[in-house]
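Residue numbers (my numbering): 209 to 856.
Ideal Cβ positions, reconstructed from N, Cα and C, are used throughout, including at glycine.
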Amino acid sequence: MIVLQVNQLYKSFVTNEILSGVKLEVQHRDRVALVGRNGAGKSTLLKIIAGQMSYDSGDIIIPKDVKIGYLEQHSGLESTLSIWDEMMTIFKPLRDKEKSLRALELQMSDPAVYGNQDLYSRVMAEYDQLQHDFKDAGGYQYEADTRSVLHGMQFFQEDYDKLIASLSGGQRTRLALAKLLLSKPDLLILDEPTNHLDIETLSWLENYLKAYDGAILIVSHDRYFLDQVVSIVYEVSRTHVTKYVGNYSAYLEEKARNYERDLKLYERQQDEKAKLEAFIQKNIARASTTKMAQSRRKVLERTEWMDAPDGNERSANFGFTIERQSGNDVLSIDDLTIGYNGKTISQNISMRIFREDRIALVGPNGVGKSTLLKTIVKDLPILSGDIRYGANVQIGYYDQEQAKLTGNKSVLQELWDEWPLMNEKDIRTILGRFLFSGDDVSKSVNSLSGGEKARLALAKLMMQKANLLVLDEPTNHLDLDSKEILENALIDYPGTLLFVSHDRYFINRIATKVVELSGKGSFEYLGDYDYYIEKKQELEELAHLKAASSSQVVESPTPSKSANSQIDKDAKKRERQIRRAIEEIEKKMNDLSEQIAIIEEKLCDPEIFKDHEKVMKLQTELDSVKSEHEEIELQWLDLNEELENMTL
Numbered sequence: 209m210i211v212l213q214v215n216q217l218y219k220s221f222v223t224n225e226i227l228s229g230v231k232l233e234v235q236h237r238d239r240v241a242l243v244g245r246n247g248a249g250k251s252t253l254l255k256i257i258a259g260q261m262s263y264d265s266g267d268i269i270i271p272k273d274v275k276i277g278y279l280e281q282h283s284g285l286e287s288t289l290s291i292w293d294e295m296m297t298i299f300k301p302l303r304d305k306e307k308s309l310r311a312l313e314l315q316m317s318d319p320a321v322y323g324n325q326d327l328y329s330r331v332m333a334e335y336d337q338l339q340h341d342f343k344d345a346g347g348y349q350y351e352a353d354t355r356s357v358l359h360g361m362q363f364f365q366e367d368y369d370k371l372i373a374s375l376s377g378g379q380r381t382r383l384a385l386a387k388l389l390l391s392k393p394d395l396l397i398l399d400e401p402t403n404h405l406d407i408e409t410l411s412w413l414e415n416y417l418k419a420y421d422g423a424i425l426i427v428s429h430d431r432y433f434l435d436q437v438v439s440i441v442y443e444v445s446r447t448h449v450t451k452y453v454g455n456y457s458a459y460l461e462e463k464a465r466n467y468e469r470d471l472k473l474y475e476r477q478q479d480e481k482a483k484l485e486a487f488i489q490k491n492i493a494r495a496s497t498t499k500m501a502q503s504r505r506k507v508l509e510r511t512e513w514m515d516a517p518d519g520n521e522r523s524a525n526f527g528f529t530i531e532r533q534s535g536n537d538v539l540s541i542d543d544l545t546i547g548y549n550g551k552t553i554s555q556n557i558s559m560r561i562f563r564e565d566r567i568a569l570v571g572p573n574g575v576g577k578s579t580l581l582k583t584i585v586k587d588l589p590i591l592s593g594d595i596r597y598g599a600n601v602q603i604g605y606y607d608q609e610q611a612k613l614t615g616n617k618s619v620l621q622e623l624w625d626e627w628p629l630m631n632e633k634d635i636r637t638i639l640g641r642f643l644f645s646g647d648d649v650s651k652s653v654n655s656l657s658g659g660e661k662a663r664l665a666l667a668k669l670m671m672q673k674a675n676l677l678v679l680d681e682p683t684n685h686l687d688l689d690s691k692e693i694l695e696n697a698l699i700d701y702p703g704t705l706l707f708v709s710h711d712r713y714f715i716n717r718i719a720t721k722v723v724e725l726s727g728k729g730s731f732e733y734l735g736d737y738d739y740y741i742e743k744k745q746e747l748e749e750l751a752h753l754k755a756a757s758s759s760q761v762v763e764s765p766t767p768s769k770s771a772n773s774q775i776d777k778d779a780k781k782r783e784r785q786i787r788r789a790i791e792e793i794e795k796k797m798n799d800l801s802e803q804i805a806i807i808e809e810k811l812c813d814p815e816i817f818k819d820h821e822k823v824m825k826l827q828t829e830l831d832s833v834k835s836e837h838e839e840i841e842l843q844w845l846d847l848n849e850e851l852e853n854m855t856l
């Protein structure tokens with residue numbers, strides 16, 4: 209079933225054409241990504257589809273019964289309610305049905321009703337229909353669904369009573385996403401949903417979206433996320449949209465193949481065109497060959513010559529060099545405690561960084577990753593512990609908030625003031641490599657977009673020629689093309705890297721070590737992000753086995769082949785146990801649901817309603833069964849979450 213069809217859509221701002229002849233189709237359960245450079249028109253297209261922006265011409269066809277949910281970029285939930293109460297507003301129709309059910313139950317217990325056979329029959333019929341509708345609409349499941357989604361978004365039982373107005377911007381953004389997911393629209397439109405999400409939450413969101421029972425249309429710069437979730441990619445480039453089947457990596461491969469093919473065809477056509485033009489110029493004036501030349505000119509004029517294939521769009525072009533090499537020991541951190549304003553954020557941090565290391569610092573939001581980087585670059589004081597810097601270490605720091613940029617300066621002045629001995633032409637040349645040209649260099653820093661500020665900060669970083677780059681979320685605000693250029697520049701960088709990033713694709717390409725920061729301290733993994741995930745699960749399984757069997761001795765954190773085999777067997781055994789437990793719980797939940805229905809039916813019996821003691825006894829039993837149902841429902845959620853983590 210088609211849930212969205214866009215035909216020949218055009219959109220312009222004044223004289224600047226943004227979208228031209230756009231065609232796009234989304235079927236039920238499609239997972240579609242929109243990709244393209246910053247400013248290409250991706251968010252504009254989403255807003256038009258969501259009905260938040262007008263368009264010049266074309267057709268947008270959405271079936272009447274299709275419900276659309278749209279999460280705008282940087283949107284946060286605004287509400288005076290608590291977290292739980294705000295989530296419950298989604299289910300107002302269900303809660304109203306529930307109130308109606310309770311009201312009908314009271315009516316049926318009224319002697320005036322059950323004494324009147326006709327009236328009682330009408331009330332019973334209404335109750336049966338309402339109960340059926342309530343069950344079909346998820347009336348017995350919506351609270352469990354809410355707890356599951358809030359848990360995935362890192363909001364727990366103790367957070368439910370917190371007022372939304374008291375939360376941070378990032379938390380309100382996560383809540384806006386949670387509320388949209390719970391509303392379960394037929395077409396889920398997400399503009400940069402991975403912003404403000406840590407790696408654990410991203411993994412949960414990926415699994416949720418894979419199983420989502422509707423269509424999804426996403427704009428995201430997170431390539432790892434796109435690879436995991438989407439199966440169709442639409443590229444927005446030069447006002448046009450091109451469809452590719454597959455995930456993001458498949459799109460890159462097909463695009464490269466198409467470009468090579470189109471380039472060869474274009475070059476062949478240009479050769480033919482040049483030969484025709486040369487023949488015409490040489491022979492048009494000769495009486496003996498003028499007719500042939502005129503014939504060739506008609507061929508030249510009538511032929512539809514293809515344009516040069518997309519691929520020669522302007523891209524940033526830069527690299528990082530060093531002024532002098534550092535010693536082999538770059539940084540030593542021992543038993544460090546970090547924080548700010550006297551508040552401890554993390555402690556027991558120890559780390560060794562050697563020349564040409566590429567270290568990714570990972571961990572949940574709020575654990576102190578950015579605080580650690582600011583402590584290393586001396587923007588924040590050490591609370592306790594020790595940081596020792598190696599010989600000839602020169603630090604270049606990229607701040608994700610771009611706090612080092614001066615808002616009222618021009619782009620040109622921002623660089624020139626720090627390197628006053630350089631001439632203006634050289635400064636402009638450097639800025640040109642970061643896509644600042646012409647009047648762009650006269651813009652004030654305040655007026656720049658997030659992506660432009662990121663490129664300006666990278667330009668300053670390049671000019672420092674530091675041998676230790678400390679980078680805090682360097683891929684934030686960069687489009688996919690700029691991310692790839694930055695990655696290539698860092699791969700070729702001859703110095704040492706320490707960086708924080710939530711971009712798992714970026715970590716996989718750059719990192720040779722991953723250091724996980726937690727409330728207990730730091731732990732080092734020798735490999736990229738995928739290795740870190742694999743090894744972390746392995747170590748957790750070992751710890752679980754050790755705890756389960758006190759007689760088992762684990763001699764080394766790196767297990768042997770036989771230990772690995774045993775881990776696999778035990779993991780599969782645990783998975784089977786969980787699946788059996790889930791089946792048993794689901795059977796018990798069904799039994800309890802049937803008990804609830806039977807008791808509620810008994811409560812509707814006029815003979816029972818005459819006996820107040822029986823009614824009270826049945827009501828007590830009903831409350832007990834419902835309470836048991838809720839308890840095992842929570843067990844069911846916990847087991848499903850454990851199973852999801854095992855199968856990641």
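For residue i, the three-state DSSP class (helix, strand or coil)
{"i": "His-282", "result": "coil"}
{"i": "Asn-556", "result": "strand"}
{"i": "Glu-400", "result": "coil"}
{"i": "Gly-249", "result": "coil"}
{"i": "Tyr-733", "result": "strand"}
{"i": "Phe-707", "result": "strand"}
{"i": "Glu-443", "result": "strand"}
{"i": "Ile-492", "result": "coil"}
{"i": "Tyr-348", "result": "coil"}
{"i": "Lys-673", "result": "coil"}
{"i": "Val-438", "result": "coil"}
{"i": "Gln-372", "result": "The sequence shown places Ile at residue 372, not Gln. It is helical."}
{"i": "Arg-596", "result": "strand"}
{"i": "Tyr-452", "result": "strand"}
{"i": "Val-240", "result": "strand"}
{"i": "Tyr-218", "result": "strand"}
{"i": "Val-274", "result": "coil"}
{"i": "Ile-530", "result": "coil"}
{"i": "Glu-609", "result": "coil"}
{"i": "Val-653", "result": "helix"}
{"i": "Ser-768", "result": "In this prediction, Ser-768 has a pLDDT of 47, which is less than 50 and means its spatial position is unreliable; nothing more can be read from the coordinates."}
Cβ separation of residue i and residue j, assumed to be a contact under 8 Å, to the nearest whole Å
{"i": "Gln-235", "j": "Ile-210", "result": "6 Å"}
{"i": "Arg-245", "j": "Asp-687", "result": "5 Å"}
{"i": "Glu-294", "j": "Ile-372", "result": "6 Å"}
{"i": "Val-570", "j": "Thr-614", "result": "Not really, about 31 Å apart at Cβ, beyond 8 Å."}
{"i": "Ser-251", "j": "Gln-281", "result": "6 Å"}
{"i": "Ile-397", "j": "Tyr-278", "result": "4 Å"}
{"i": "Asp-542", "j": "Ser-558", "result": "5 Å"}
Outcome for residue i when other beta-carbon atoms lying within 10 angstroms are tallied against a minimum of 16
{"i": "Pro-628", "result": "exposed"}
{"i": "Val-507", "result": "exposed"}
{"i": "Pro-319", "result": "exposed"}
{"i": "Asn-455", "result": "buried"}
{"i": "Glu-443", "result": "buried"}
{"i": "Pro-682", "result": "buried"}
{"i": "Ala-611", "result": "exposed"}
{"i": "Ala-667", "result": "buried"}
{"i": "Arg-712", "result": "buried"}
Candidates the options: closest to residue i by CA position
{"i": "Met-514", "options": "Gln-502, Gln-477 and Glu-408", "result": "Gln-477"}
{"i": "Leu-669", "options": "Leu-623, Leu-643, Ile-492 and Tyr-713", "result": "Leu-623"}
{"i": "Lys-231", "options": "Gly-703, Leu-242 and Gln-349", "result": "Leu-242"}
{"i": "Ser-554", "options": "Leu-544, Arg-560 and Ile-298", "result": "Leu-544"}
{"i": "Val-585", "options": "Asp-542, Ile-638 and Leu-677", "result": "Leu-677"}
{"i": "Ala-674", "options": "Asn-573, Leu-217, Pro-702 and Asn-403", "result": "Pro-702"}
{"i": "Glu-732", "options": "His-448, Ile-226 and Leu-706", "result": "Leu-706"}
{"i": "Arg-237", "options": "Leu-309, Val-438 and Ile-226", "result": "Val-438"}
{"i": "Glu-609", "options": "Thr-579, Leu-811 and Arg-596", "result": "Thr-579"}
{"i": "Lys-483", "options": "Arg-504, Lys-472, Lys-499 and Tyr-474", "result": "Arg-504"}
{"i": "Pro-572", "options": "Ile-807, Ser-730, Thr-511 and Leu-395", "result": "Ser-730"}
{"i": "Ala-697", "options": "Arg-532, His-359, Lys-275 and Phe-526", "result": "Phe-526"}
{"i": "Thr-354", "options": "Gln-602, Leu-388 and Ile-426", "result": "Leu-388"}
Three CB pairs or more closer than 8 Å across the stretch 358 to 370 and the stretch 332 to 344: no
Stretch-stretch touch, CB-based, cutoff 8 Å, three pairs: the stretch 380 to 394 with the stretch 286 to 301: yes
Segment contact flag, the stretch 209 to 226 with the stretch 258 to 278, C-beta cutoff 8 Å, min 3 pairs: yes
At least three beta-carbon pairs within less than 8 Å, the stretch 788 to 798 to the stretch 837 to 846: yes
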